[in-house]
Every structure is written in C-alpha cells, then in structure tokens.
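A.B. asks: The structure under discussion is supplied below as structure tokens; questions concerning it will follow.
Residue numbers (the working numbering), protein chains in the order written: chain A, 1 to 378; chain B, 1 to 151.
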C-alpha cells in the first residue's frame, strides 16, 4: 500500500500492477506481451488493376472511376492482426516504457510483419516510431474498414517531449522525420522523397477533463526535392483541432478538422501529394488541403456498441499537375460490434467511399465487412 | 447542496469513472502505455472521489443525530453510513493498489451494496450501472432503476 501511495502521488505505475504485465522476481521491471487475431470477410467493390492493398484496405486513390476495370469481389484477410511486447520500470522519479507493436500486413499469397510502434519513453521524453504528434489518437474512430479521408493517420520516427501543467493540460513538442510526397510533372507519379535536411516541428496542446479532451496541433515542415544539381525546397505548415467529447458516461463524439499546405502525406491515406514540381523542375508548389472527420460511438449496452463515422477531404492542386490526382474524397462508415467479453469483438461494418479526380472523373465503392477480433494479453 | 445529495453525486461520479476505465478495453487505436496512463489517471480520480465520499459519510453520521428519526431508523441510518464509509475506504485503497480496470472487479460488489441504500434515503432512485466487471468480463447489470428504500 505504501508503495502504491507513493507511486500514485507521483503519477507513476506500480511494478507488476499494470494489467497485462508480470513483475520479474527481485526486480522493478514488469514485462508484458500480447496480441490480437483479426479476420475479415469482405464483400465489396474493387479496382482490378490496382494492388491487393487497395482491395483489402481503404485506399482512396484506388477507388475505381469511370472506365476503370472494376467489379465486386469476396475476400478474406487477417490484416490488422498484431503482436506486442512491453517493458516497464521506474527510473528514479519517472516511468520507463519500452513498447514494440507489430502488425501482419497482407502481401500477395501471404502476410508480412511490419512495425507499427517501437518506442521508448522515460518520463516526459519519447523516442522512436509511433503516431505523429499531430494525431490525437483518442479522436480516431472505432472503425474496421480503414481510416476515413478526414483522419490524420501516420506513424513516424520522432523525439517528443510532453509536459503536463496540471488541470488536465499538456503540451507536446516533437521533432519528426520529414519525408515528402512530391508529384513529378514528367512521370505524373507521386513519389516519397527522402531528401529532407531538417525535421518536421510539431506541437500539440491538449486539455482533458470530465467532458473529454480537446487539442490543437500545429506543424511546420520543409519540403525538399533534390536531383543531381537541382535542389528546390518550400516551407509548409498545418493546423488541426481534434477531440473526444463524452456523451454520458461511455458514449462519445470524436472529431478532427485539419487544414494546411503540408498535410497531404498525413491525410486520406496518402491520396494527396504534399507538393508538386513545375515543368522546369525549378519550383516546388504546395497543395493546400482540408480534411474533417466526425464519429459518434454509442454503447447500446455493455456488450453491443456502434460507431457512425463521416469524413471528407479536399486538396487544391496547382495548374500543370497530373489530371489523375485525387482532388476530393469522402466516406461513411457504420458498424455494430458485439463484445460479450472485452477480449472479443464480432461484428459488421458498412463502408461507402468516393473520390473525384482533378479531371472531373469520379468513382465510389461500397463494402460490407464481417470481422472477428480476439485480443490476448499475458 | 446537502451532504446527502453531494455524496449521491459523488457515488455516481465513481460509477462513471469505473465505466470509462472499462470502456478503454475497446480502444483499438491507442498504444498500451497510453491506455495505462488513462487508467491510472481515472483510478486516481476514483481514489480522490472515494476519499471525499468517506469524509462525507463521517459528516452524515454526525447529521444522523439531529434528524427526526425513530430510534430503530436512526440506528439503521448510522449503520448504513458506517458501511458507506468502510466501502468508500475500500474503493480508495483498491484504486491506489490496482490503478486498473481490475479494481471494479475487486471492490464493486461491496461498494455498490453499501452505497446504494444510503443514497436511496434521500435521493429518488439510484444511478444505473451497465458496466460491472466480473472475472475479467463485462456484463450488463441492473442496480435497480428508480428504486427507493426507507431508512
């Protein structure tokens, strides 16, 4: 009890007391491992010429438009199955967390394991790969068919400092890796360019109280492209507000609104580039984009819950870029999940998604998904 | 606001915090250290509310002397107030020890049994609670909507 009181007074964990962890005998270190097995049966529209990833996940740029080879398909996949490990121990007056989470991602005919999160945190300092600090992870909707177009969803290497001020207020400042998505005027393709020389600077100010949480995030980044002796760069930025508002004890409303000329890579699952080069490769033009997502989660009772999520985004491209770039995207997702025990979720989700290209062509898809998920912690 | 109303609201607040801790189990986006942080934060709030509830129970015991109650009702009132204080202290201890969703399993039945009747003395009906964790699972339970009980 004395140990617990001291830890509580300092806002720290008690070794071995955190769910899903065991304490190594004779040490202050707790170890935890777990995972989840997730299976999906999906009936829905696909673009036959596009990759498997676009058939199993929501990829807005792969939504078939007029004249595309498209049709419906029934598919099974076990994407989003995960495995995680963690270590925790007190270090002087701080908590030390080491966390690695992997995910099984579909490859043709098999699955590959990818790192979702791999970070270490000591007190206010976090170093490693995790969600960008621009994301408010508490505002991400509880949906299974994929992230909506209004969601900021990106993981990056980073160095983050989080400082609480009491009364539920916290400021996070981060330096993050800064790859750019640049559209090439000749090939018309968008490529990930890793020529950046300075990190992205991200800040998030969050308030947390009985009503939920609300946060404001800003980002400044330098987009850069380099080839042989030609080098061009452009400063870009973005601002976002997001939050989770409690509706009663357990229901909640989650929202995100983001705008900026450097968030193409952060939203709509990479459908928009951050910038494009002009035809002389002498100038880098940013693409201002707007994205918004609104979701409501309702618990019908302790075992049944639903989420309805609506999202929309738009990117304004300068003249001269490929007419086949996505200009707008939207989605509606609705689900019903049954969890007789916290570890198990079984349910249906419906997805409607659409995109419009710069040339005016548009397309849409409908998908129905039955999913089962079992989570196990040590 | 009377002490009784205040402690009824506080008991409801503890219930809500329990429910929020248990709902974290359905959060598939945040990493486990982030969820642990939320659980610890909510557990700290539960402990703080329970301690306030315990001190209010003390005031309730003193208040019992000045109420116009029959001898047997006064004795029952005092007994329930003592139960409430004991249960509140248990909740505070468990919240500090466990700081996790498991605390609902460890203290919830005793806490609810002790807290409800005293609240019903002065409040019409009691708060409902969907989320009760038993043997690690979530279950829908009724705590008697709109029920009143004489002291």
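Using N, Cα and C, we set each Cβ at its ideal position, and we do this for glycine too.
(1) Would you verify that the beta carbon of residue 140 of chain A is, or is not, closer than 8 Å to some beta carbon of chain B?
(2) Could you tell me the distance, in whole angstroms, from the CA atom of residue 359 of chain A to the CA atom of residue 237 of chain A?
(3) Along the chain, where does the beta strand (DSSP E) containing residue 201 of chain A start, and where does it finish?
(4) Quick one: grab the DSSP three-state call for residue 59 of chain A.
(5) Which residues in chain A sit within 7 Å of residue 201 of chain B, going by Cβ to Cβ distance?
(6) Work out the CA separation of residue 286 of chain A and residue 194 of chain A for me, nearest whole Å.
(7) Can residue 320 of chain A and residue 185 of chain A be called in contact, C-beta distance under 8 Å?
(8) For residue 308 of chain A and residue 97 of chain A, I'd like the C-alpha separation in whole angstroms.
(9) Name the DSSP bridge partner or partners of residue 188 of chain A?
(10) Starting from the N-terminal side, write out each stretch of the alpha helix (DSSP H) that is 4 residues or longer and does not extend beyond the segment 41–82 of chain B.
(11) Would you mind sorting residue 280 of chain A into buried or exposed? The rule is 16 or more other CB atoms within 10 Å of its CB.
(12) Measure the Cβ-Cβ separation of residue 128 of chain A and residue 377 of chain A and say whether it is below 8 Å.
(13) Pairs of beta-carbons, one from the segment 30–48 of chain A and one from the segment 79–97 of chain A, closer than 8 Å: are there three or more?
(14) Considering residue 259 of chain A, what are the terminal residues of the beta strand (DSSP E) in which it resides?
(15) Using 8 Å as the Cβ pair cut-off and three pairs as the minimum, do the segment 330–337 of chain A and the segment 345–357 of chain A touch?
(16) Could you check whether the segment 165–185 of chain A touches the segment 140–151 of chain A, counting it as contact only if at least three pairs of C-beta atoms, one from each stretch, sit closer than 8 Å?
(17) When the distance is taken between beta carbons, is residue 42 of chain B closer than 8 Å to residue 20 of chain B?
(18) Beta-carbon of residue 26 of chain B versus every beta-carbon of chain A: anything under 8 Å?
(19) Who are the Cβ neighbours of residue 150 of chain B in its own chain at under 6 Å, not counting the five residues just before and after it?
(20) Nearest by alpha-carbon distance to residue 234 of chain A: which of A:221, A:244, A:227 and A:241 is it?
(21) From the beta carbon of residue 99 of chain A, is the nearest beta carbon of chain B less than 8 Å away?
(22) Thinking just about the alpha-carbon of each residue, which of A:297, A:278, A:158 and A:229 is nearest to the one in residue 141 of chain A?
(23) Look at the alpha carbon of residue 203 of chain A and the alpha carbon of residue 180 of chain A, and state the distance between them as a whole number of angstroms.
(24) Report yes if the C-beta distance between residue 168 of chain A and residue 207 of chain A is below 8 Å; otherwise report no.
(25) Taking only runs that begin and end inside the segment 283–353 of chain A, name each unbroken beta strand (DSSP E) of 3 or more residues, in chain order.
(26) Can you tell me whether residue 228 of chain A is buried or exposed, with buried defined as 16 or more other CB within 10 angstroms of its CB?
(27) Sort A:218, A:166 and A:197 by Cα distance to residue 209 of chain A and report the nearest one.
(28) Using the Cβ count rule (16 or more neighbours within 10 Å means buried), how would you classify residue 191 of chain A?
(29) Under the assumption that residue 230 of chain A contacts residue 61 of chain A (Cβ atoms under 8 Å), give the Cβ distance between them as a whole number of angstroms.
(30) Report the partner residues of residue 374 of chain A according to the DSSP bridge assignment.
(31) Nearest CA to the CA of residue 158 of chain A: which residue from A:145, A:139, A:121 and A:317?
(32) What three-state label does DSSP hand residue 116 of chain A in the structure shown?
(33) Curious, which full-length beta strand (DSSP E) runs of at least 3 residues does the segment 59–134 of chain A contain?
(34) Please name the residue in A:315, A:268 and A:295 whose C-alpha comes closest to that of residue 242 of chain A.
(35) Would you mind reading off the limits of the beta strand (DSSP E) that contains residue 234 of chain A?
(36) Residue 29 of chain B touches chain A at which residues, Cβ-Cβ below 7 Å?
C.D. replies: In short:
(1) It does; some Cβ of chain B falls within 8 Å.
(2) So the two alpha carbons sit approximately 27 Å from each other.
(3) Where residue 201 of chain A is concerned, the enclosing beta strand (DSSP E) starts and stops at 200–209.
(4) Three-state result, residue 59 of chain A: coil.
(5) Any question about residue 201 of chain B goes unanswered here, given that chain B covers just 1 to 151.
(6) Counting only the Cα atoms, residue 286 of chain A lies some 17 Å from residue 194 of chain A.
(7) A contact, by the Cβ cut-off of 8 Å.
(8) Between the C-alpha atoms of residue 308 of chain A and residue 97 of chain A there is a straight-line separation of about 34 Å.
(9) Its beta-bridge partners do not exist; DSSP assigns none.
(10) When DSSP assignments are scanned along the segment 41–82 of chain B, no uninterrupted stretch of alpha helix (DSSP H) that is 4 or more residues long falls wholly within it.
(11) Exposed is the call here.
(12) Going by C-beta atoms, residue 128 of chain A is not nearer than 8 Å to residue 377 of chain A.
(13) Put simply, the segment 30–48 of chain A touches the segment 79–97 of chain A. At least three CB pairs are less than 8 Å apart.
(14) 251–260 is the span of the beta strand (DSSP E), which, as asked, contains residue 259 of chain A.
(15) Yes, the segment 330–337 of chain A is in contact with the segment 345–357 of chain A.
(16) No, because fewer than three Cβ pairs between the segment 165–185 of chain A and the segment 140–151 of chain A fall closer than 8 Å, the two stretches do not touch.
(17) Result yes, Cβ atoms of residue 20 of chain B and residue 42 of chain B sit closer than 8 Å.
(18) Any Cβ of chain A closer than 8 Å to the Cβ of residue 26 of chain B would place that residue at the interface, and such an atom is present.
(19) Here residue 150 of chain B scores only 34 on pLDDT, less than 50, and its place in the model should not be relied on; the value that follows carries that caveat. The answer is none, since no qualifying residue turns up.
(20) The option with the nearest alpha carbon to residue 234 of chain A is A:221.
(21) Interface residue, yes.
(22) Comparing C-alpha distances from residue 141 of chain A to each of A:297, A:278, A:158 and A:229 shows the shortest one belongs to A:297.
(23) If you draw a straight line from the Cα of residue 203 of chain A to the Cα of residue 180 of chain A, it comes to about 19 Å.
(24) Taking 8 Å as the cut-off, the beta carbon of residue 168 of chain A is found closer than this to the beta carbon of residue 207 of chain A.
(25) Taking only runs of at least 3 residues, the beta strand (DSSP E) segments lying wholly in the segment 283–353 of chain A are 284–286, 289–299, 304–315 and 326–338.
(26) With fewer than 16 neighbouring CB atoms inside 10 Å of its own CB, residue 228 of chain A falls in the exposed class.
(27) Taking residue 209 of chain A as reference, the option from A:218, A:166 and A:197 with the minimal CA-CA separation is A:166.
(28) Exposed is the call here.
(29) Approximately 27 Å separates the beta-carbon atoms of residue 230 of chain A and residue 61 of chain A; this is outside 8 Å, ruling out the contact.
(30) Its beta-bridge partners are A:37 and A:344.
(31) It is A:121.
(32) In the structure shown, residue 116 of chain A sits in a strand (DSSP, three-state: E or B).
(33) If we require 3 residues or more, the beta strand (DSSP E) runs fully inside the segment 59–134 of chain A come out as 70–77, 81–91, 94–107, 110–122 and 125–131.
(34) Of the candidates A:315, A:268 and A:295, the one whose C-alpha sits nearest the C-alpha of residue 242 of chain A is A:295.
(35) For residue 234 of chain A, the enclosing beta strand (DSSP E) begins and ends at 230–247.
(36) Against residue 29 of chain B, the close residues of chain A are 137 and 140, in the order they occur along the chain (beta-carbon pairs closer than 7 Å).
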